[in-house]
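In terms of this note's numbering, the sequence shown is residues 482 to 886. To start, the structure itself, in structure tokens.
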Amino acid sequence: MDAFHGERFGRPGFGVPVAALSPRHEGDPLGRMQPLSGAFRNLTAWIEPDPLQLDAPPRLVFADPQKIDAISVGPDRRELARDTSAAYAWGIRISKLARAGLWGLVGGEAIEHRAGLYLLEDFDPNKRPLVMIHGLGSIPLIWAHLSNAVWGMDDLRARFQIWQVIYPTDEPLLVTRSRVQGYLDAAWQLLDPDGDAPARSGAVLVGHSLGGVIARLLCVDSGDALWNAAFVVPPGSLDASVEDLEVIKRLFTFHAYPGIARAVFLAAPHRGSPSAATPLGQVTRAVVGRRTAEVHALRRIAIANPNGIRPELLHTFQQGWINSIATLQSEQPVRRATESLLPPTGITYHTIAGVRPGRRQQTDGVVPLESAQIPGAASCLVVEDGHRLHDNPHVVAEVVRILRL
């Protein structure tokens, strides 16, 4: 249980808890939504006589205690023993993602090939998705403590199914938002093509750092705010191919993703991060990532339409050196425009921020407190900690509290 700092959830009962791991089914579309290390499940095993052949050898039975809570043994009804932590701990131990996060920040292909939405359990059309979005240079394994806690609570395990997003963190902010929306679209098309599953409504997003900003942008309508922050003419006035124009319009104009009911932002730089403008940030910005297809489209449009781009962005767009670090700078015009975009009525949101003690300024070392807090939040928790809030037990407890609302 090292992955959970020793915290283990389970209960005694009939049978023996078993951690099971199955290879990923690459040939099956649903199988490709399983973690790369395979499908892991917490099962319960026992030995029983064959009910049809009394002289036959006893049989070994495996059952899912999430689906079968108890069985009849003679006149008695007995709850199954279970352990909701072991299988995930095993999956984390054998995962190859641990070293891939940083490489995803500098354009490494390991994360790009793994990018997408992953289901950590079988899809349940009646459970609300709890979508977890990691931050810059990070991976979904950061959600180990929170996932373990959710599975360990009977009420939360009955209401939520855990989905985790993995994405290359070198891409510009709006490109990443578009990517994550695409992952969600593809998942729903596969899991619920008719669009009538109860799980479609009531989704909860939890995002850390850059993932928190992405989560917020999935909850808002852009209107013309982002377009006007980058362009001085409407889309129809630009000299561009139909394909390039559609790409750019999709990046700069969007609506809140349907079905989201609540969001939790952990240490999210909603007003940018001063770290992106420091000398270290500038060096990092110079080496982070590569030009995406969307950046190439933006570059072509900027070259063909110099008078259609905001002057302060023209050189940047024409050069095409735009990545996640650059788009998190506090003074970046498009990023500044995102500050005005807040979730509408109907989407409740919460902020959690860290403050390192002894600092002259209130910051977690990466994100200032004033950047992590935004108006309209239903609750705001500030803890004494650094940027890795997802490991803080008080933060995990707060997210659990929010999920129970």
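Each residue gets a CB set at the ideal place from its N, CA and C atoms; glycine is no exception. Computed from a predicted structure; not experimentally measured.
Contact between ARG563 and LYS608 fails: their C-beta atoms lie close to 18 Å from each other, not under 8 Å. Along the length of the region 798 to 839, whole beta strand (DSSP E) runs at least 3 residues long occupy 829 to 836, reported in chain order. Cβ atoms of ASP677 and ASN804 stay farther apart than 8 Å, at about 40 Å.
CA-to-CA, the gap between GLN515 and MET634 works out to about 23 Å. Listed as beta-bridge partners of HIS689 by DSSP are LEU747. Under the DSSP definition of a beta bridge, GLN645 partners with TYR599, MET613. Taking LEU502 as reference, the option from ALA568, GLU529, ALA544 with the minimal CA-CA separation is ALA568. The Cβ neighbour count for HIS831, taken over all protein chains shown within 10 Å, is at least 16; the residue is labelled buried. Beta-bridge partners assigned by DSSP to VAL864: GLY835.
Around LYS730, the same chain offers PRO716 as residues with beta carbons nearer than 7 Å, after the five sequence neighbours per side are excluded. A Cβ-Cβ separation of about 5 Å places GLN645 in contact with MET613 under the 8 Å criterion. Annotated as proximal: VAL685 and ARG743, with beta-carbon spacing under 7 Å.
For ASP483, the secondary structure class from DSSP, reduced to helix, strand or coil, is helix.
For LEU502, the uninterrupted beta strand (DSSP E) segment begins and ends at 497 to 503. In the DSSP secondary-structure assignment, THR844 is bridged to PRO849.
A straight line joining the alpha-carbon of VAL881 with that of ALA749 spans about 19 Å. Of the candidates ILE575, GLU851, PRO825, PRO825 places its Cα closest to the Cα of GLY857.
If the five residues before and after ARG681 are omitted, its C-beta is found closer than 6 Å to the C-beta atoms of GLY740, all from its own chain and listed in chain order. Straight-line spacing of the CA atoms in LEU822 and CYS861 works out to 18 Å. A residue is called buried when at least 16 other Cβ atoms come within 10 angstroms of its Cβ; LEU541 does not meet this threshold and is exposed. By the neighbour-count criterion, in which a residue is buried when 16 or more other Cβ atoms sit within 10 angstroms of its Cβ, ASP845 is buried. Linking ARG752 to ILE828 through their CA atoms gives a straight-line distance of about 20 Å. The C-beta separation of VAL847 from HIS875 comes to about 19 Å, leaving the pair out of contact by the 8 Å criterion. The Cβ atoms of ILE643 and LEU611 sit closer than 7 Å to each other. LEU747 and LEU671 have their alpha carbons spaced roughly 30 Å apart. Sequence-distant partners of ILE623 (beyond 5 residues in either direction) whose C-beta falls short of 7 Å from its own C-beta, in its chain, are HIS615, HIS689, HIS871. Taking the Cα positions, ILE784 is about 14 Å away from GLU775. Beta-bridge partners of VAL554 (DSSP): ASP557.
For PHE735, there is no enclosing beta strand (DSSP E), as DSSP marks it with neither H nor E.
Comparing C-alpha distances from ILE549 to each of LYS577, GLY494, ALA596, GLY597 shows the shortest one belongs to GLY494. In the structure shown, ARG540 falls within a strand segment according to DSSP collapsed to helix, strand and coil.
Among the bridge pairs identified by DSSP, TRP527 is matched with VAL542.
Judged by DSSP in its simplified three-state form, ARG489 adopts coil rather than helix or strand. If you draw a straight line from the Cα of ALA537 to the Cα of ALA625, it comes to about 43 Å. CA-to-CA, the gap between MET482 and VAL499 works out to about 15 Å.
In summary, LEU600 is buried, with 16 or more beta-carbon neighbours lying within 10 Å of its beta-carbon over all protein chains present.
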